[in-house]
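Student:
In full-length UniProt numbering, the protein residues as written are 1 to 332.
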């Protein structure tokens, strides 16, 4: 009996000790869990703002990827246009050659190749599409490639200046502006001597087209247009201006000499071509110069040496996106 009681007492003590050990372990686990809970709270506090902002970041990344995709698409379209443009121009010139050959065959022996003086003569010969054609200048005894714009309302324009993307440098010397430069398929200057020879033999009118970086389009029209000879510094003559952007045309262009950085013929004690850039009919520098530096969008504002025309009431000095000067016989 005594032995059983001892055994029972020993078992009870053993169970109490085990219970105490379990309590110690539970306390340790509770303390460990509390530490982990503190760590978890700290991690949540640290990462919650990032997790909350994650959808916004994803949206921003998607927008940026979309913008990049649009830019790449635009670049690819531009490259496709540039690749196709020379092909189309070659086809246009080939068509002109074939039509002239056809004319020779139809007219028979002794017929000479028609020497078309300007784009209006090209149109009257039977061509009706815009493109590059060869005209003949009798006084210079040479052919010249020009870009022709066939007006649906009648007549054809010979392009003498074109700016559209800045691929051609217009900071040139006197001789370059005299002979002409660039490519009729894109940006180019036909040449002061060519324009003089044409306008001195026939009465021409002048049409100027412009567009700014906001998509606004402007035009200026002058019923009489002539460029005098080199001895008179290719002085410009304009008369009877009309159109929204022509109101100051005679003021900003009328009867001025042509000047370049190496041939200063303006009415300023300075050299306007060096200040304003490019060759132009500067007065005392003035408010107009379509041959200035080509500035891209975002860099075009407040540029005194950019492509400019005094076409707005505010006399903006922002550089234009495109410009094109064209002439045609007065009564075409």
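Yeah, the Cβ is synthetic: ideal placement off N, Cα and C, and Gly gets one too.
Assuming residue 223 is part of the beta strand (DSSP E), what are its boundary residues?
Tutor: As a working note, residue 223 is residue 223 in the chain shown. DSSP places residue 223 in the uninterrupted beta strand (DSSP E) bounded by 217 to 227.
Student: Is it the case that the Cβ atoms of residue 212 and residue 320 are separated by a distance below 7 Å?
Tutor: By 1-based counting over the chain shown, the position of residue 212 is 212. By 1-based counting over the chain shown, the position of residue 320 is 320. In contact: residue 212 and residue 320 (Cβ atoms closer than 7 Å).
Student: From the DSSP secondary-structure annotation, give me the bridge partner or partners of residue 142.
Tutor: Stepping through the chain shown from its first residue, residue 142 is reached at position 142. BP columns for residue 142 point to 137.
Student: Does any residue of chain B bring its CB to less than 7 Å from the CB of residue 294?
Tutor: Of the chains in the structure shown, none is chain B; there is only one protein chain.
Student: When the Cα atoms are used, what is the spatial distance from residue 111 to residue 183?
Tutor: By 1-based counting over the chain shown, the position of residue 111 is 111. By 1-based counting over the chain shown, the position of residue 183 is 183. Caution is warranted here: a pLDDT of 39 is assigned to residue 111, below 50, making its placement in the model unreliable, and the coordinate value is therefore given only provisionally. Those two C-alpha atoms are separated by around 32 Å.
Student: Given a cut-off of 7 Å, decide if residue 159 and residue 147 are closer than it, judged by their beta-carbon atoms.
Tutor: Along the chain shown, one-based indexing puts residue 147 at 147. Along the chain shown, one-based indexing puts residue 159 at 159. Cβ atoms of residue 147 and residue 159: closer than 7 Å.
Student: If you scan the stretch 117 to 201 from start to end, which runs of the alpha helix (DSSP H) of 4 or more residues do you find wholly inside it?
Tutor: 119 to 125, 174 to 179, 192 to 201
Student: Tell me which residues share the same chain as residue 257 and place their Cβ nearer than 6 Å to its Cβ, disregarding the 5 neighbours each side in the sequence.
Tutor: Start at 1 with the first residue of the chain shown, and residue 257 comes out as number 257. Contacts found: 233, 235, 265.
Student: From residue 216 to residue 261, what distance separates their C-alpha atoms?
Tutor: As a working note, residue 216 is residue 216 in the chain shown. As a working note, residue 261 is residue 261 in the chain shown. Their Cα atoms are separated by approximately 31 Å.
Student: By DSSP's criteria, residue 280 is part of a beta bridge. Which residues make up the other side?
Tutor: As a working mapping, residue 280 is identified with position 280 in the chain shown. The partner list for residue 280 (beta bridge, DSSP) reads 259.
Student: Closest to residue 137 by CA distance: which of 57, 56, 121 is it?
Tutor: Taking the first residue of the chain shown as 1, we reach residue 137 at position 137. Among 57, 56, 121, the Cα nearest to that of residue 137 is on 121.
Student: For residue 326, which residues in the same chain have their Cβ closer than 7 Å to its Cβ, ignoring the five residues on either side in sequence?
Tutor: As a first step, residue 326 is located in the chain shown; it is residue number 326 there, counting from the start. In its chain, beyond the 5 residues on either side, 149, 157, 158, 159, 160, 207 have a beta carbon closer than 7 Å to the beta carbon of residue 326.
Student: Residue 388 to residue 285, Cα distance in whole Å?
Tutor: Not covered by the structure: residue 388. The range shown for the chain is 1 to 332.
Student: Assuming contact is defined by CB atoms lying nearer than 7 Å, are residue 210 and residue 309 in contact in what I supplied?
Tutor: Numbered from its first residue, the chain shown carries residue 210 at position 210. Numbered from its first residue, the chain shown carries residue 309 at position 309. In this structure, residue 309 lies closer than 7 Å to residue 210 by Cβ.
Student: In the DSSP assignment, what residue or residues form a beta bridge with residue 289?
Tutor: Your numbering for residue 289 matches position 289 in the chain shown. Note: residue 289 sits in a beta bridge opposite 308.
Student: Tell me which residue opens and which closes the beta strand (DSSP E) that residue 328 is part of.
Tutor: As a position in the chain shown, residue 328 is number 328, starting the count at 1. Its beta strand (DSSP E) spans residues 322 to 329.
Student: Count the other CB atoms within 10 Å of the CB of residue 270; is the residue buried (16 or more) or exposed (fewer)?
Tutor: Residue mapping note: residue 270 aligns to position 270 of the chain shown, counting from 1. Label assigned to residue 270: exposed.
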